[in-house]
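In our numbering, the protein residues as written are 349 to 522.
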């Protein structure tokens, strides 16, 4: 038996030319896009070489973290994540590596109250894996065993900074 095929409804020419304008109803959709990711600054120091390579102790590693965001053109922001890794063996610095991983992000129609959170949480979450990889590669190229940084909870850091700022504001009022 032959099956009957149902013909798809034909669309009219007018339907094909319909364009949806998000600003037609007065409200534009929020948008977030990564425009560019790049290493803004890199520094590698091995101040006690070659003697440090004869040490048999495991290095102690300390990490410093900084985050900044600045507006560029309308709706574009540069966010930079600076990570400093310092390794010491006994009292001598084995290596010091600073990486500033940056990105340009397009943030369109984001409410002002959410902008700070996106710059402080979302953007660093995107940048961190790139900075982590750069640090690992630089440590190996400096002659040391690989260092793999643990993930960082940027949301928790942001909340802690907000609580500290609120606490400081209360202290200054008293």
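All residues carry an ideal CB built from backbone N, CA and C; glycine is no exception.
All figures in this text were calculated on a predicted structure; none of them were measured in a lab.
Contact under 8 Å by Cβ, residue i with residue j
{"i": "residue 400", "j": "residue 433", "result": "no"}
{"i": "residue 415", "j": "residue 468", "result": "yes"}
{"i": "residue 396", "j": "residue 470", "result": "no"}
{"i": "residue 378", "j": "residue 456", "result": "yes"}
{"i": "residue 383", "j": "residue 476", "result": "no"}
{"i": "residue 409", "j": "residue 479", "result": "no"}
Euclidean distance between Cα positions of residue i and residue j
{"i": "residue 436", "j": "residue 483", "result": "16 Å"}
{"i": "residue 425", "j": "residue 460", "result": "13 Å"}
{"i": "residue 512", "j": "residue 473", "result": "22 Å"}
{"i": "residue 444", "j": "residue 451", "result": "23 Å"}
{"i": "residue 372", "j": "residue 481", "result": "Reliability fails at residue 372, whose pLDDT of 44 lies under 50, so the model's placement of it is uncertain and the value that follows must be treated cautiously. For residue 372 and residue 481, the distance between alpha carbons rounds to 44 Å."}
{"i": "residue 491", "j": "residue 506", "result": "35 Å"}
{"i": "residue 510", "j": "residue 423", "result": "24 Å"}
{"i": "residue 418", "j": "residue 485", "result": "28 Å"}
{"i": "residue 402", "j": "residue 487", "result": "17 Å"}
{"i": "residue 427", "j": "residue 398", "result": "36 Å"}
{"i": "residue 514", "j": "residue 376", "result": "33 Å"}
{"i": "residue 508", "j": "residue 439", "result": "31 Å"}
{"i": "residue 498", "j": "residue 504", "result": "15 Å"}
{"i": "residue 393", "j": "residue 462", "result": "38 Å"}
{"i": "residue 404", "j": "residue 429", "result": "32 Å"}
Buried/exposed call for residue i, threshold 16 Cβ in 10 Å
{"i": "residue 387", "result": "exposed"}
{"i": "residue 390", "result": "exposed"}
{"i": "residue 385", "result": "exposed"}
{"i": "residue 420", "result": "exposed"}
{"i": "residue 448", "result": "buried"}
{"i": "residue 496", "result": "exposed"}
{"i": "residue 359", "result": "Because the pLDDT of residue 359 is 48, which lies under 50, any placement of that residue in the model is unreliable, and the number read from its coordinates should be weighed accordingly. Under this definition residue 359 is an exposed residue."}
{"i": "residue 501", "result": "exposed"}
Endpoints, the beta strand (DSSP E) within which residue i is located
{"i": "residue 435", "result": "424-437"}
{"i": "residue 383", "result": "379-393"}
{"i": "residue 410", "result": "408-419"}
{"i": "residue 447", "result": "440-456"}
Continuous alpha helix (DSSP H) stretch holding residue i: start and end
{"i": "residue 488", "result": "471-489"}
{"i": "residue 463", "result": "460-465"}
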